[in-house]
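Just add 414 to wherever you are in the sequence shown, counting from 1, and you've got the working numbering.
Positions of the beta carbon are idealized from the N, C-alpha and C atoms, including for glycine.
Report on the structure given below.
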Amino acid sequence: MAVVQQRSLMDWIEVKSTPKPKRVYKPRPYQSEADRRVWEALQTHDRTALYMATGCGKTEIAALLLQRDWGASRNLVITPRRELVKQTADRLRLRGVDCGIEMGTERADEDGVIVACYASLQSRKRYQRYLGTVGLILVDESHLNYSPAALQMLAEFRSFGAKVCGMTASPPTSKEHPLEEHYGQPAFVYDYQQAVAEGYLVGCQMHLCILEDLDLSRFKASFGDFDASRLDRLMRRRANVAGVASMIEQYWEGRPSVVFAASIAHAEAVRDDLWGRGIQASIIHSRMDQAEQDMHLKDFMAGRSQVIINVGILTLGWDAPHVANLFMARPTASPCLYTQMFGRGTRALSGVIDGLDTVEDRLAAIAASAKPYFRVYDITDSSRHNDLKTAMSILRPGLGDRLMQRVRNRTQRGGILMADIDPIIQEEKRLLAAQQAELDRIEMEKRRHIRVDGRVVAYERDALADAEGKRGGKRTKDYWWMPYGRFKGRGFKQIHREAPWYLPSVLPHVRDEGLARNIRKFLAGRRS
């Protein structure tokens, strides 16, 4: 068992700032397995997918794949944003992969690996220069960029023989994006729960913080998330801003913290409130120039500031292992967005698990480090809105809505570690099943005392006559309510009161004889 000395986060920041000699990277077992699985899948298919939790090293897997022989002079790495192109190229170079960049005035005309973003490749169809010369395309953050133009570009590359692998940290069960439709079945999946169990990522302590003045029950998610402008107006209300700032003040404890805000105006309001409480928080957003963004990020990485508020900047391609708290002040119904925000806290401190080959040693090293787990503070609304994503969506994604809500209600009492969740789930499952059984028993007891009178029609026939044959014609249902459509289950009178035009307009299209007859009778009675 490895012996690990306990150290503080500030110690880690000081060690991190000291340059270290470059070393040869040794792939982790699951990274080698992912490399092999993707290679094998692309021998028989022209596309596949790789699902890998944030912090598990997609760059390392990309480097392994790019060093294989794909039968062409070039390989291509596509990022979703321009600002990630140089960062991706630098990371690949550190792992022994020489890269060229195709963006703006930079051209990558040589053979080898090319890093570019969607916008650069599609600008004036620059990608057509590479058709027929690319063997492998790695699409980073493949849950993004589903525009027809982007998909058409990838289809053109495949028609010239290129293989495509989409890589993302988003959960494969997400209904918000058609990953399997565009990339096929995943060749390899390595999720957060497995990475924590094997000692490669740190666990999570979850806190659900209810803002009593926040109500999202009337918000309906469209295109996978809440409407940004409506959410902005709601979150900028004074009571909600004060609630977020109070939550940070109460739970911050001087630890490196990242706050995700709903908009720039919301971020500025939260920052101003925190300043009034004596917390010198910095802010970063897309309207700042690059120099100002870099200044705030360097201050945070060096420990000169402990709270950084951002709006959509620190969700992709940003690594800060010393982050100890995540404040989710941007309510979302999007599993993709929540997964990206959640991933900012999952990494172990640099150097803590390096060189440790066994699960036991890695788990012990994380437990003895200054970051044995990270904390997530989810803002939930007073309605306990079921579509709102929280850390529970990551920790236990398979729970149904009712069970999820019961577990959330239990965990609102304080911080809950991952290891503490399963007993709560099992207990709530048992209670839910017992309640349902009791409801079923009560319902059956009610039915025992209900007498149902059926309509009986008596007619006379000759007892010595031959048996009657079957009646001809098609039997029809006696509908006096709509069995389908926008008014399904409603009676004709109610429909006529709400929308007098509906029944006359739908009648010519009704194929059920009984339903059509009754609609005609009803309309005739209304006209008479």
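Query: Using a Cβ-Cβ cutoff of less than 6 Å, which residues in the same chain neighbour residue 712 once the five nearest sequence positions on both sides are dropped?; Result: none
Query: Looking at the secondary structure, which residues open and close the alpha helix (DSSP H) in which residue 654 lies?; Result: 652-665
Query: Any idea what DSSP makes of residue 719, helix, strand or coil?; Result: coil
Query: So what's residue 939 in DSSP terms, helix, strand or just coil?; Result: helix
Query: Where does residue 463 fall in DSSP's three states?; Result: strand
Query: Looking at the structure shown, is residue 473 part of a helix, part of a strand, or coil, going by DSSP?; Result: helix
Query: Residue 735: buried (16+ other C-beta within 10 angstroms of its C-beta) or exposed?; Result: buried
Query: Quick one: give me the first and last residue of the beta strand (DSSP E) that residue 582 is part of.; Result: 577-582
Query: Just the C-alpha distance for residue 504 and residue 481, rounded to the nearest angstrom, thanks.; Result: 16 Å
Query: Would residue 602 and residue 451 be called neighbours here (beta carbons separated by less than 7 Å)?; Result: yes
Query: Can you give the Cα-Cα distance for residue 668 and residue 485, rounded to whole angstroms?; Result: 53 Å
Query: What are the boundary residues of the beta strand (DSSP E) that includes residue 549?; Result: 548-554
Query: Would residue 653 and residue 552 be called neighbours here (beta carbons separated by less than 7 Å)?; Result: no
Query: Ignore the nearest five residues each way along the sequence and tell me which others in residue 886's own chain have a CB closer than 6 Å to its CB.; Result: Residue confidence is low: residue 886 scores 40 on pLDDT, short of 50, so the model does not pin down where it sits. No coordinate-derived value is stated.
Query: Would you say the region 679-687 touches the region 655-662, given that touching needs at least three Cβ pairs under 8 Å?; Result: yes
Query: DSSP beta-bridge partners for residue 573?; Result: BP columns for residue 573 are empty, so no partner.
Query: Can you give me the start and stop residues for the alpha helix (DSSP H) that residue 526 sits inside?; Result: Where residue 526 is concerned, there is no enclosing alpha helix (DSSP H), although the beta strand (DSSP E) it sits in stretches over 526-531.
Query: For residue 561 and residue 928, I'd like the C-alpha separation in whole angstroms.; Result: 47 Å
Query: Measure the C-alpha to C-alpha separation of residue 474 and residue 646 and round it to an integer number of angstroms.; Result: 38 Å
Query: Take residue 730 and list the residues in its own chain whose beta-carbon comes closer than 8 Å to its own, dropping the five residues that flank it on each side.; Result: 494, 495, 498, 555 and 754
Query: Along the chain, where does the beta strand (DSSP E) that runs through residue 970 open and close?; Result: Residue 970 cannot be examined here, being either before or after the span of the chain that is shown, 415 to 942.
Query: Starting from residue 696 and walking both ways along the beta strand (DSSP E), at which residues does that stretch end?; Result: 696-698
Query: Less than 7 Å between the C-beta atoms of residue 773 and residue 612, yes or no?; Result: yes
Query: Taking the alpha carbon of residue 609 as the reference point, which residue from 760, 547 and 900 has its own alpha carbon closest?; Result: 760
Query: Can residue 738 and residue 670 be called in contact, C-beta distance under 7 Å?; Result: yes
Query: Ends of the alpha helix (DSSP H) at residue 501?; Result: 497-508
Query: Under the three-state reduction of DSSP, which class applies to residue 595: helix, strand or coil?; Result: helix
Query: In whole angstroms, what is the alpha-carbon distance linking residue 478 and residue 538?; Result: 32 Å
Query: Near residue 916, what residues of its chain come up, given a Cβ to Cβ distance below 7 Å and the 5 sequence neighbours on each side ignored?; Result: 901 and 909
Query: In whole angstroms, what is the alpha-carbon distance linking residue 527 and residue 578?; Result: 14 Å
Query: Apart from the five residues on each side of it in sequence, which residues of its chain come closer than 7 Å, Cβ to Cβ, to residue 777?; Result: 613
Query: Measuring from the CB of residue 456, is there a heavy atom of the ligand SAH at a distance below 6 Å?; Result: This structure lacks the ligand SAH, and indeed carries no ligand of any kind.
Query: Using alpha carbons as the reference points, say which of 489, 507, 940 and 536 lies closest to residue 523.; Result: 489
Query: If the criterion is Cβ atoms closer than 7 Å, does the pair residue 744 and residue 674 meet it?; Result: yes
Query: Let me know if residue 516 comes out buried or exposed under the rule of 16 or more other beta-carbons within 10 Å of its beta-carbon.; Result: buried
Query: Skipping 5 residues on each side, what residues in its chain have a beta carbon closer than 7 Å to that of residue 469?; Result: 615, 757, 760 and 761
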